[in-house]
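In numbering that gives the first Met the number 0, the protein residues as written are 0 to 137.
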Amino acid sequence: MNYQVIIGTAVVLAAIIGILKLFSLVFKKSHTAKARRVWLVLHVIAAIVYVGGMIAQIWLHYFADGDPANYGFYYKLMNLFYHYMIIPGAFSCVITGTWLAVRSGWGLTKHRWIIWKWLGNCCGILLWIMLVGQTLSR
């Protein structure tokens with residue numbers, strides 16, 4: 000297992016959070032209602048892309064198990080979902096969710112559910128990269 004990818008991803012996630020927290024300290028003004036709605040829509044779209052890509056990958060893996068002749072096709076398609084839906088959607092969720100948290104009255108650490116949601120998302124990203132990403136890169 001390639002731990003450099005996992006450590007690199009964790010460092011990128013920590014850097015994103017640090018940069019967004021720094022921006023929130025510099026720009027203390029809160030969101031307007033319209034800006035908050037735009038960020039919330041972007042966050043929901045990112046979550047749909049992220050979860051949709053994971054569901055599509057699971058679905059393709061289910062169908063790839065039955066027919067050895069089509070493994071190449073299914074795994075190429077799964078690789079496309081991984082690189083163009085899951086990874087961008089996951090990092091977009093982290094970025095938009097953190098930005099919404101630090102720029103609103105919620106804060107990043109004020110409520111436990113925000114902390115658990117953020118930790119769950121980061122752990123999900125790391126596990127998906129560790130388990131699925133390494134399998135597809137072979």
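By construction, the Cβ of each residue, glycine as well, lies at the ideal position given by its N, Cα and C atoms.
Assumed close pair C121, L12 - CB separation to whole angstroms, cut-off 8 Å: Counted from its first residue, the sequence shown places residue 121 at position 122. Counted from its first residue, the sequence shown places residue 12 at position 13. Confirmed, about 5 Å.
Option in V43, V93, T8 with minimal Cα separation from W115: As a first step, residue 115 is located in the sequence shown; it is residue number 116 there, counting from the start. Among V43, V93, T8, the Cα nearest to that of W115 belongs to V93.
For H110, the three-state DSSP class (helix, strand or coil): As a position in the sequence shown, residue 110 is number 111, starting the count at 1. H110: coil per DSSP, three-state reduction.
Candidates K20, Q3, A14, W127: closest to R102 by CA position: Here residue 102 refers to the residue found at position 103 when the sequence shown is read from its first residue. Measuring from the Cα of R102, the nearest candidate turns out to be K20.
Rounded separation between A46 and L39 - CA only: Residue 46 sits at position 47 when you count from the first residue of the sequence shown. Residue 39 sits at position 40 when you count from the first residue of the sequence shown. Roughly 11 Å separates the two Cα atoms.
Pair within 8 Å by beta-carbon distance, M129 and I5: The count along the sequence shown starts at 1 and reaches residue 129 at position 130. The count along the sequence shown starts at 1 and reaches residue 5 at position 6. The answer is yes: Cβ separation under 8 Å.
Residue range of the unbroken alpha helix (DSSP H) whose run includes N69: Working through the sequence shown from its first residue, we reach residue 69 at position 70. First-last for N69: undefined, no H or E at that position.
Reduced DSSP category for R35 - H, G, I as helix; E, B as strand; rest coil: Stepping through the sequence shown from its first residue, residue 35 is reached at position 36. Helix at R35.
Where the alpha helix (DSSP H) containing W98 begins and where it ends: In the sequence shown, residue 98 corresponds to position 99, counting from 1. That run of the alpha helix (DSSP H) goes 86–101.
Buried versus exposed, by CB contacts within 10 Å (16 or more), Q3: Locating residue 3 in the sequence shown gives position 4, counting from the first residue. Q3 comes out exposed.
Inter-residue Cα distance where the pair is G88 and Y49: One-based indexing of the sequence shown puts residue 88 at position 89. One-based indexing of the sequence shown puts residue 49 at position 50. So the two alpha carbons sit approximately 4 Å from each other.
Residue from F90, G96, G52, K75 whose Cα sits closest to the Cα of L125: Here residue 125 is taken as the residue at index 126 of the sequence shown, counted from 1. The residue with the shortest Cα to Cα distance from L125 is F90.
Cβ pair G52, F22 closer than 8 Å: Against the sequence shown, residue 52 aligns to sequence position 53. Against the sequence shown, residue 22 aligns to sequence position 23. The answer is no: Cβ separation not under 8 Å.
Proximity below 8 Å, CB of G96 to CB of H42: The residue labelled residue 96 in the question sits at position 97 within the sequence shown. The residue labelled residue 42 in the question sits at position 43 within the sequence shown. Yes. Within cutoff.
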